[in-house]
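A.B. asks: Protein chains in written order, with our numbering: chain G, 319 to 607; chain X, 247 to 1081; chain B, 684 to 1075. Glycine included, C-beta positions come from ideal geometry on N, C-alpha and C. Since the structure is predicted, the reported quantities are computational estimates derived from the model, not experimental observations. Can you read through this structure? Questions will come right after.
Quick look at the structure:
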């Protein structure tokens, strides 16, 4: 049972980490957070289902289309829900992204339908036995895919022009502008990346849960908790926190039951932040007087 | 979070409107039928919650996405008590106190965090309470909740009407309380901390205290409102308090207008009434409602009422007397026991990371004297001030003012009698000039939450403003003051603590000569009250004329200590300031004689930062191949000009023509694309990118990417010390090396002009020489350069022509060699006395 | 394709609603309004849709045959977002502003519980068609205005336990319950049913509707020696239980409340869905005859997105609402007017009505406000995506 829980915890944890990386990436570039991240995850899963199951496209094509539309969704969020406020120095983007997510959830409910659907991918729907505990193949695929994405992210940031432009914008936005980098575009791209991450998370989790318009809400919130817990400005911290959060949740379910999971995990988040106000892996910035 | 805030009240406007609201609400309570009455009651309760939340968001600048939890706590406490047969008023009181207590407890973690971290703490809190209510079945009835909450006894009135009246009463009371709180002692303390925590601490306010207070008060109102919700609904369960409701509360406060008295009312009407109007849309309702919310946010992102208020609520203009009441002022400012030894600082030092920012700094400031701390940029002057005022705890040494102060927190030090001003003024935005002073007079005490300021204090504040020579309206919001007034008001606010020691960090920065002279006189007067004045200042005229003793720092170490006459002739001091005259740049083989078809033409540029202009109508010309220097003391506006040209901070007026094209309205990234490269002050390399990537980033806008490697090689030939470090992160390089990277990065763009902002700042002399050799080489190769450097002697070594700036105006321009020995130049730096 | 039909589906009722309300202005006297307060958005939106369908078909039939008391019937729907406060507010609006004659309730027991006191105080009939919480109709009021055409949790729990004993020789069941008001109220019911038989239970495990993995809870039940599972959860959490059992490789009888009927359970739960035996008040079947076939045809005509049996879930919601509407029509006819107390009496005076669920004979009396009882419960399971009654 513990083995199964740890595997399941790592699976969920890497999901949270992926979603939380989305929060991280927009934050480091623009100091804004996309609270419609949960809805982007749902959009990824719903579109993937529609393309793959309803329309019968090959899954790879379906996934590509779904993610492309997720990216468009991210660009739209940035353009209409974040930039109009952020550029005026208003923090109402926060409320706007929340309202935008709510709008999208309800729009999907009306278009996609109110029924939860199963995104069954035959090739990955396998039961495996590991140390005597049964697990679904998908539970192993999720951490693997997330690991690949994290590594890819590291490589992109370290070795590609896009990654370096992103890094320059993060490290010094005003110097980046002096280099001729269009910071607004980088911000828009960061939103697209964040919603694509969310879309991938949605596609990955969809075979394990059911697909419906409300599926993103709680995931989004937990991922935000993960991002904050890790120290939202630190990518490594966010990933670590995601795994920690997933494992903690799984173990709490084993020992205390899932009804206590939210009470205990959220209490731990508060305690952790009281002790480390910049997150577990975040660093303190010196206050300049 | 930052919201424009605070009503600047027209007398009796708010009470009048509240009375009107009370009358309307009562009439409606008696006339509306069941459904309308319920809607009215819900609006009233929501307004109460939002008014409470407004204390947190509008006054304290924090946020809570868990406020529905306080609403729920109030509702459950009241339900449980009334179901046990206890009277509703008692239940309401208990509910309010219980919520306030929980709010104060939540503040323990909440005040330690800010921004998204604070949002998360409150979200987590909301979830914990929600699930707690589900799991604590024996008390809360679990997820099936509490049914059969009794309706209150309301005598002859129907219970519905009674509840509506009570809710409306709460609403009016909460709005009135907010109105009074905002201008009370508590309110000023809370708002001060919101506006700038740093300045609030140096006035003796303890941010933990004020933030906790705001949390508790705001929870109290949510609990109070909740206590009426349960008898109103007669049934509550955890689903009655969904997470989305918390978000709606915040939204109501923001779109209504955070910090305004009536904003929460508008917001509550929006979030209660709009869903009702849309109710016939059935499953489309939430969709349309979120659309409406978005539309409202787009139209009024900072709150509907804020927009209206700014337009209509003009406060009356009250100007302080020209002369203060001397007797009253003397009684206030003169402290007992002024025979005391004053402030004694003994060998303090502090390290940041690997840098020794200050070391072995000692001085004494006796009551009634002016002590100046001077030194070139980066000498550690402000660091010393920060240690004395408690923002940094010194690693070594002692600071005593009657008692030992080193290492105490800033607010404790302020209460011990040390107050200060800041290099960039830190007035409390969103508060009036008068309120800024009244906040200072509290000396960190909270006072009460209801009373208006005493007349005697107001009179004293007027005296202080008269003393500093402030001639504007005392009801003007601090954020709209012109620059000089900000300086004056900040000094007055520091004096409002009746301090024993007054620390001033560059009070003359950005002031005109005349204004500086007024401040100089003021400091003398202040010292005359027996206050020990400590001055950090670049303006040498001021320092030399006002100081009793002068301490000179260089690179964190004291290099001279004595009276002004001694210090001025000290050769170490002169070298530290004007730069060494030892350095001789390689001269141009032959003097410049190029095309007069200007590469860069700046005409009548005015630059301001929301207040008084820092640059007032400057014009300059850079011809192809020229090296032009802009010289002037700190704060003269040199860097602002470069930033305006580069598009980082656009000029408010004037034109910038670059290669025959107007660029004053373009974004920095577009300007860079046109071939103008800025090497910014403080290097600003990308610390985590390698040196090579930094250089390549410089070529970002280049369309021909063929010769990149070759160009990198060229940069390395120019700056050979970068060769070994080509693959290490630029952040790990020394200051001089980073400067080379920054210049190389600029050159990589193959710009038609390269702007350099203070390239020698903070570099060791040997490094400076190397750097200037490189600049001379660039010049000789025909690169067009515009150079800003405080070290005038250095800049004039390499420049062809120079412009000398003083307080935002060009006072002098001409060929470099003619300026080199011009006494007027020295005067611009070290003050007239020198000449 | 799908999107277009969806849009059509919304355009049609919307434009019709517009026309009806315009017409309503002209002849307000003629319209008899009935209200529905149910979850139309959020996780339980599907239930609201099913109730809407059932009521709509019944109202179409009634209007086609001349309406009630010669007045055409109009349905006004309000979204309660599963929030009791919103439900109460909506109930007040419908009753006091729109003056509906009868109010229908939705899936959430707490929302219904919030409306019950109002109904009894203001004397308007409140008809539950889904929420099964026992205290909704057993509310202790002297004059009870709350009626129900749906299952009752306590009775269901009793039936489930008995079924387990009869079919599986169950000795020590384990409970796996969703952590919401419904799960909580059934926990009480199960305890009562088991205690009355002096049976012990292996454990009571609760889980959240968002849980992706229920293995830990199920493992605990397995380790404590559970020989059958009593399950109460909505359709997708129920599916999570089945999938978790698959992963564990634990083959155990599952006796369930009607949650799995709420959607495409067999699609969600996979091949082992058929192992779950669950209770129903009504199911549509392929070779439906009589009333069921008529209603099915009407549904297909009225709602073009319905193509197969799999599209008419949850059947209980449709059937309960359909029967409740017809019973209500009879009650109003008996009353002769739309006065609350008169309609209440009208319910008591219904002799018989041949409905979808059964042939009702004097379904309501002052002592009996639940028209459907244990005798009407059928046990079913999924076969090839269809709900099929079990041959017992």
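Check whether chain G comes within 8 Å of residue 1071/B, counting only Cβ atoms and requiring the distance to be less than that.
C.D. replies: In the third chain, residue 1071/B corresponds to position 388, counting from 1. No, its Cβ sits nowhere closer than 8 Å to a Cβ of chain G.
A.B. asks: Let me confirm a value: residue 966/B is counted as buried when at least 16 other C-beta atoms fall within 10 Å, else exposed. Which label applies?
C.D. replies: Here the question's residue 966/B lines up with position 283 in the third chain. So residue 966/B counts as buried.
A.B. asks: Output needed for residue 721/B: all residues of its chain with C-beta closer than 6 Å, excluding positions within five of it in sequence on either side, in chain order.
C.D. replies: The residue labelled residue 721/B in the question sits at position 38 within the third chain. Around residue 721/B: 731, 734 and 789.
A.B. asks: Decide if residue 1050/B is buried, meaning its Cβ has at least 16 other Cβ atoms within 10 Å, or exposed.
C.D. replies: Walking along the third chain from the start, residue 1050/B turns up at place 367. Exposed is the call here.
A.B. asks: Helix, strand or coil for residue 358/X per DSSP?
C.D. replies: Within the second chain, numbered from 1, the residue matching residue 358/X stands at position 112. Three-state result, residue 358/X: coil.
A.B. asks: Below 8 Å on C-beta distance, what does residue 403/G contact in chain X?
C.D. replies: For the purposes of this step, residue 403/G is taken as residue 85 along the first chain, with counting starting at 1. Near residue 403/G (Cβ distances below 8 Å), the residues of chain X are 543 and 547.
A.B. asks: Where do the ends of the alpha helix (DSSP H) carrying residue 1164/X lie?
C.D. replies: Chain X is shown from 247 up to 1081; residue 1164/X falls before or after that span and cannot be answered.
A.B. asks: What residues in the segment 444–457 of chain G bring their beta carbon closer than 7 Å to a beta carbon of chain B?
C.D. replies: Against chain B - using a Cβ distance shorter than 7 Å - the residues of the segment 444–457 of chain G are 445, 452, 453 and 454.
A.B. asks: Taking 7 Å as the limit between beta carbons, can you name the residues of its chain near residue 698/X, skipping five residues before and five after?
C.D. replies: The residue given as residue 698/X occupies position 452 in the second chain. For residue 698/X, where only same-chain residues beyond five positions count, the Cβ hits under 7 Å are 429.
A.B. asks: Run through the segment 890–922 of chain X for me and flag every whole beta strand (DSSP E) of 3 or more residues, listed as ranges in chain order.
C.D. replies: Runs of the beta strand (DSSP E) inside the segment 890–922 of chain X: 899–904.
A.B. asks: Please state if the CB of residue 524/G and the CB of residue 356/G are separated by a distance shorter than 8 Å.
C.D. replies: Translated into positions along the first chain, residue 356/G becomes position 38. Translated into positions along the first chain, residue 524/G becomes position 206. No.
A.B. asks: Using a Cβ-Cβ cut-off of 8 Å, state whether residue 481/X counts as contacting chain B.
C.D. replies: On the second chain, residue 481/X is found 235 positions in, with the first residue counted as 1. Yes, residue 481/X lies at the interface with chain B (some Cβ there is under 8 Å from its Cβ).
A.B. asks: Would you mind stating whether residue 450/X and residue 693/X have Cβ atoms separated by less than 8 Å?
C.D. replies: Residue numbering aside, residue 450/X sits at position 204 when the second chain is read from its first letter. Residue numbering aside, residue 693/X sits at position 447 when the second chain is read from its first letter. It is not a contact, given that the beta carbons lie outside the stated cut-off.
A.B. asks: Does residue 897/B come out as helix, strand or coil in the three-state DSSP assignment?
C.D. replies: If you number the third chain from 1, residue 897/B lands on position 214. DSSP places residue 897/B in coil when its eight states are reduced to three.
A.B. asks: Closest by CA to residue 1031/X, which one among 925/X, 873/X, 389/X and 1004/X?
C.D. replies: As a first step, residue 1031/X is located in the second chain; it is residue number 785 there, counting from the start. Measuring from the Cα of residue 1031/X, the nearest candidate turns out to be 873/X.
A.B. asks: Starting from residue 757/B, follow its DSSP beta bridges and name the residues at the other end.
C.D. replies: Within the third chain, the letter at position 74 stands for residue 757/B. DSSP output for residue 757/B lists 716/B as bridge partner(s).
A.B. asks: Please check if any C-beta of chain B sits within less than 8 Å of the C-beta of residue 433/G.
C.D. replies: Within the first chain, numbered from 1, the residue matching residue 433/G stands at position 115. With 8 Å as the cut-off, residue 433/G counts as an interface residue toward chain B.
A.B. asks: Report yes if the C-beta of residue 596/G is less than 7 Å from at least one heavy atom of the ligand NAP; otherwise report no.
C.D. replies: As far as ligands go, the structure on display features none, and thus does not contain the ligand NAP.
A.B. asks: Going by DSSP, what residues sit across from residue 445/G in a beta bridge?
C.D. replies: Counting from 1 along the first chain, the entry for residue 445/G is found at position 127. Paired residue(s): 454/G.
A.B. asks: Between residue 835/B and the rest of its own chain, which residues show a CB-CB distance below 7 Å, the 5 nearest in sequence each way excluded?
C.D. replies: Here residue 835/B refers to the residue found at position 152 when the third chain is read from its first residue. Cβ within range, chain order: 815, 817 and 1053.
A.B. asks: List the residues of chain B whose Cβ lies closer than 9 Å to the Cβ of residue 422/G, in chain order.
C.D. replies: Position 104 of the first chain, counted from the start, is the residue given in the question as residue 422/G. Correct list: empty, because the minimum Cβ distance to chain B is about 13 Å.
A.B. asks: Give the C-beta separation of residue 320/X and residue 413/X to the nearest angstrom, bearing in mind that I take them to be a contact with Cβ-Cβ under 8 Å.
C.D. replies: Translated into positions along the second chain, residue 320/X becomes position 74. Translated into positions along the second chain, residue 413/X becomes position 167. Their Cβ separation, rounded to whole angstroms, is 13 Å, which puts residue 320/X and residue 413/X out of contact at 8 Å.
A.B. asks: Within a Cβ cutoff of 6 Å, which residues of the same chain sit near residue 982/X, ignoring the five residues on either side of it in sequence?
C.D. replies: Position 736 of the second chain, counting from 1, holds the residue named residue 982/X. Taken in chain order, the residues that qualify are 1009 and 1013.
A.B. asks: Assuming residue 820/X and residue 806/X form a contact by the criterion Cβ under 8 Å, report the distance between their Cβ atoms to the nearest whole angstrom.
C.D. replies: To locate residue 820/X, count along the second chain from 1; it is residue 574. To locate residue 806/X, count along the second chain from 1; it is residue 560. No, residue 820/X and residue 806/X are not in contact; Cβ-Cβ is about 11 Å, not under 8 Å.
A.B. asks: Against residue 313/X, what residues of chain G qualify as contacts under a CB-to-CB distance less than 8 Å, listed in chain order?
C.D. replies: The count along the second chain starts at 1 and reaches residue 313/X at position 67. Within chain G, no residue comes near residue 313/X; the closest Cβ sits about 14 Å away, beyond 8 Å.
A.B. asks: My understanding is that residue 1002/X touches residue 1050/X, with C-beta atoms under 8 Å, so please give their C-beta distance in whole angstroms.
C.D. replies: Looking up residue 1002/X in the second chain gives position 756. Looking up residue 1050/X in the second chain gives position 804. Contact flag wrong, Cβ pair sits at about 17 Å.
A.B. asks: Determine, for residue 328/G, whether the minimum Cβ-Cβ distance to residues of chain B falls below 8 Å.
C.D. replies: Here the question's residue 328/G lines up with position 10 in the first chain. Not an interface residue.
A.B. asks: Given a cut-off of 8 Å on the beta-carbon distance, is the pair residue 1068/B and residue 996/B in contact?
C.D. replies: The sequence position of residue 1068/B within the third chain is 385, counting from 1. The sequence position of residue 996/B within the third chain is 313, counting from 1. No, the pair does not count as a contact, with Cβ atoms beyond the cut-off.
A.B. asks: If we ignore side chains and look at the alpha-carbon of each, how far apart do residue 787/X and residue 541/X end up?
C.D. replies: The residue labelled residue 787/X in the question sits at position 541 within the second chain. The residue labelled residue 541/X in the question sits at position 295 within the second chain. About 57 Å.
A.B. asks: Please decide whether residue 322/G counts as near chain B, where near means a Cβ-Cβ distance under 8 Å.
C.D. replies: Residue 322/G sits at position 4 when you count from the first residue of the first chain. Chain B contact via Cβ: present.
A.B. asks: Just checking, does the segment 588–598 of chain G make contact with the segment 387–395 of chain X on the three C-beta pairs under 8 Å criterion?
C.D. replies: Judged by Cβ distances under 8 Å, the segment 588–598 of chain G makes no contact with the segment 387–395 of chain X, as fewer than three pairs qualify.
A.B. asks: Tell me which residue opens and which closes the alpha helix (DSSP H) that residue 752/X is part of.
C.D. replies: Along the second chain, read from residue 1 onward, the residue named residue 752/X stands at position 506. From DSSP, residue 752/X is part of no alpha helix (DSSP H); its letter is neither H nor E.
A.B. asks: Could you tell me whether the Cβ atoms of residue 710/X and residue 742/X are closer together than 8 Å?
C.D. replies: Counting from one through the second chain, the residue named residue 710/X turns up at place 464. Counting from one through the second chain, the residue named residue 742/X turns up at place 496. Their beta carbons are under 8 Å apart, which means residue 710/X touches residue 742/X by this criterion.
A.B. asks: Quick one: Cα of residue 323/G to Cα of residue 459/G, how far?
C.D. replies: Working through the first chain from its first residue, we reach residue 323/G at position 5. Working through the first chain from its first residue, we reach residue 459/G at position 141. In a straight line, the C-alpha of residue 323/G is about 16 Å away from that of residue 459/G.
A.B. asks: Using a Cβ-Cβ distance under 8 Å, would residue 951/B count as near chain G?
C.D. replies: Numbered from 1 along the third chain, position 268 holds the residue referred to as residue 951/B. By this cut-off, residue 951/B is an interface position.
A.B. asks: The alpha helix (DSSP H) with residue 1013/B in it runs from where to where?
C.D. replies: In the third chain, counting from the first residue as 1, residue 1013/B sits at position 330. Residue 1013/B -> alpha helix (DSSP H) spans 998–1018.
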